[in-house]
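> Sharing a structure here in structure tokens format.
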Amino acid sequence: MNEKIQQARDVALGVLKPSARDLEHGLELHANALVCDAYGFAPRAAWDGDAMRAAVEGGASEAELKDMDEEMSMTRCVTDPAERAEFMEAWEAAGVTCIFQNAGEESQAPLRIIRRLACFTYVGDMLREFLVRATVPDDIVAAKRQGRRCFYMSSNGTPLAQEWVSVEEELRLIRVFFQLGVRMMHLTYNRRNMIGDGCAEPADAGLSDFGRAVVREMNRVGVIVDVAHAGWRTSLEAANASERPMVASHSGCAALNRHIRCKPDEVIRAIADTGGYVGICSIPAFLGRSGDIGAMLDHVDYVAKTFGVDHVAIGTDTAYASRATEAERGKVPRRRRVRPRWEGFWPADAFGEEWRQERMTLSLAWTNWPLFTVGLVQRGYSDEDIQKILGGNTLRVARDVLV
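In the working numbering, the protein residues as written are 1152 to 1554.
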């Protein structure tokens, strides 16, 4: 275990303070469980700082540099032996069987979505001894049995033709991306689109008529509807429209912290009524309260006790970053500031400096997944219920939605 992983482990243990018995049982339970991150990111590699510097000095556009950034962080685990070793070490430390992987950019433009999908398809194809690109839930079960890890692909946007000839023409790419391996899609990101309002829209106008058609098509094709970034009314109306289980893959409970990325009880109940779940994230600003691993467990507790243990999962929304990241970034000349892209347009108060404390972020580190399980043991959950939270609920929904 490298020093970065160990430091995060020590911070989380300092917060939890488990007994020796709970620690031993939790770690053993985690090692044996099928663990799904309901929404997350594979460990990220560092840039090749020399290549990035050459691109900057050569006059590369911001769009080109952004693509280089993404491709390097996502794929250098294949091409660089040191990055590959750290990628595998971090994944093994986390003990995660499957990541419902963000493999589609925050957009509805097919060409933008497919670039990120291509990166993770490539990683899955090239690291087959370690990593499986799962397309059906049984692939996840098989990966656990074989001692391998896997992706289950998700997209942060619903791919649309954007030609607006007819509803049917707009919907046709949902099936195309399903055939490419995408199994879960966001209806919206933070802002309004033709489907509905995102979580950052103060008007909270809800799901459009076209959005209802999108939900029906996802149900028909076998794609999980994800409302993690959708507005409250959009989420509620999508749940009412869906005939299959629906999720908020990486969110929290507004009853504990009234943040735009958390869901109120009415929405959580509607999601639960579809047979779906809320995945609790590991972002301090969204969790509120103590902002650490304890706060995350508070949100898990709230959903489990209020709506039932069948309707909660953990979707971290975080990633492990290579130890070489800072050094490689230091090789690159400072670039001019650019305005945030439309889809990532966050309200000014969405993240405060008070939520960036090391105690918070380190205790919630992605490699601390085994200690999430220890925390659930401490809180008195049965082994059966812990296994549901860790992966059973995500696997059940994946099976129920896949046509």
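Ideal placement from N, C-alpha and C gives every residue a C-beta, glycine not left out.
Note that the structure is predicted; figures quoted are calculated from it, not measured.
Do Pro-1310 and Ile-1325 count as a contact pair if the criterion is CB distance below 8 Å?
yes
> With 16 as the cutoff for other CB atoms within 10 Å, does Met-1152 come out buried or exposed?
With a threshold of 16 other beta carbon atoms within 10 Å, Met-1152 falls short and is exposed.
> Is the number of C-beta pairs between the region 1459–1471 and the region 1425–1433 that are closer than 8 Å three or more?
The region 1459–1471 vs the region 1425–1433: in contact.
> What distance in whole Å lies between the Cβ atoms of Gly-1542 and Leu-1185, which are believed to be in contact at a cut-off of 8 Å?
4 Å
> Hey, how far is the Cα of Ala-1351 from the Cα of Arg-1343?
Across the structure, Ala-1351 and Arg-1343 are spaced so that their CA atoms are roughly 8 Å apart.
> Go through its chain and collect everything with a Cβ distance to Phe-1361's Cβ below 7 Å, but skip five positions before and after it.
Val-1318, Met-1345 and Ile-1346
> Evaluate the contact criterion for the region 1443–1451 versus the region 1509–1524: three or more CB pairs, one atom per stretch, below 8 Å.
Short answer: they touch.
> Less than 8 Å separating the beta-carbons of Val-1460 and Lys-1539?
Cβ atoms of Val-1460 and Lys-1539: closer than 8 Å.
> So which of Met-1304, Tyr-1532 and Asp-1276 has the shortest CA-CA distance to Leu-1268?
Met-1304
> Leaving out five residues before and five after Trp-1242 in sequence, what residues of the same chain have Cβ atoms less than 7 Å from its Cβ?
Pro-1194 and Arg-1300
> Can you tell me which of Ala-1211, Pro-1261 and Met-1277 puts its alpha carbon nearest to the alpha carbon of Glu-1230?
Note that residue 1230 corresponds to Thr in the displayed sequence, not to Glu. For Thr-1230, the nearest C-alpha among the options comes from Met-1277.
> If we count the other Cβ atoms within 10 Å of its Cβ and call it buried at 16 or more, is Val-1552 buried or exposed?
buried
> Check Ile-1465 in the structure and name its three-state DSSP category.
It is a strand residue.
> Curious, which full-length alpha helix (DSSP H) runs of at least 4 residues does the region 1489–1516 contain?
The region 1489–1516 contains these whole alpha helix (DSSP H) runs: 1509–1514.
> Ignoring anything shorter than 3 residues, give me the beta strand (DSSP E) runs that lie fully in the region 1321–1404, in order along the chain.
1333–1337, 1375–1377 and 1398–1402
> Can you round the beta-carbon distance between Met-1397 and Gly-1349 to whole angstroms, since I take them to be within the 8 Å contact cut?
Contact flag wrong, Cβ pair sits at about 16 Å.
> Relative to the C-alpha of Val-1372, which residue among Arg-1384, Leu-1358 and Ser-1393 is closest?
Ser-1393
> Smallest Cα separation from His-1176: which of Ile-1422, Lys-1217 and Gln-1529?
Cα-wise, what sits closest to His-1176 is Gln-1529.
> Less than 8 Å between the C-beta atoms of Glu-1237 and Arg-1480, yes or no?
no
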